[in-house]
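S.K.:
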Amino acid sequence: MNHYATQKSLSDAVDGGGLLVVAQWEAKPGEADKIAAILDRFLPEAQREDGVKLFLISRAKDNPAQFLFYELFRDEAAFKAHQESAHFKTWIAGEALPLLAKRERAQYGLL
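Going by full-length UniProt numbering, 3 is the number at position 3 of the sequence shown; the sequence numbering is gapless.
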């Protein structure tokens, strides 16, 4: 999950605002590496979505069972399209979510 980057600068990504979604996951015991492998396949697909301005996933250094998502979408419609995408339904809803002990998500508007 550390080898995907876009050619966009941070200032380009935040230009014009958008919907920021921050999510935290914690894997069930013994499932963290499986989740990381799923996210490795999922991340480049999510980053290529038309309405995605920025999409980053990190894994905690002190607890590799924890993952942090930082997702910036053009608008609410782009976020909904993301959740309806085949890669989200397959890899996130279908494979990753059942492996989680905890999932939290919050939405923010850019200032």
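Note that the Cβ used here is the ideal one computed from N, Cα and C, for glycine as well.
Within 10 angstroms of the Cβ of G16, are there 16 or more other Cβ atoms? Answer buried if so, exposed if not.
M.R.: G16 comes out exposed.
S.K.: Name the one or two DSSP bridge partners that F55 has.
M.R.: E71, per the DSSP bridge assignment.
S.K.: Using DSSP with H/G/I as helix, E/B as strand and the rest coil, what is R48?
M.R.: Correct three-state label for R48: coil.
S.K.: Assign L97 to buried or exposed, taking buried as 16 or more other Cβ atoms, counted over all protein chains shown, within 10 Å of its Cβ.
M.R.: Per the 10 Å Cβ criterion, exposed.
S.K.: Would you mind sorting K53 into buried or exposed? The rule is 16 or more other CB atoms within 10 Å of its CB.
M.R.: K53 is buried by the Cβ-count criterion.
S.K.: Return the Cβ separation of E26 and H87 in integer angstroms, given the expectation that the two are a contact with Cβ distance under 8 Å.
M.R.: With a Cβ gap of about 22 Å, E26 and H87 do not count as contacting.
S.K.: Which stretch, first to last residue, makes up the alpha helix (DSSP H) that contains K28?
M.R.: Where K28 is concerned, there is no enclosing alpha helix (DSSP H), given that its DSSP letter is neither H nor E.
S.K.: Going by the DSSP bridge assignment, what does E104 pair with across the sheet?
M.R.: For E104, which the question treats as bridged, DSSP gives the partners Q24.
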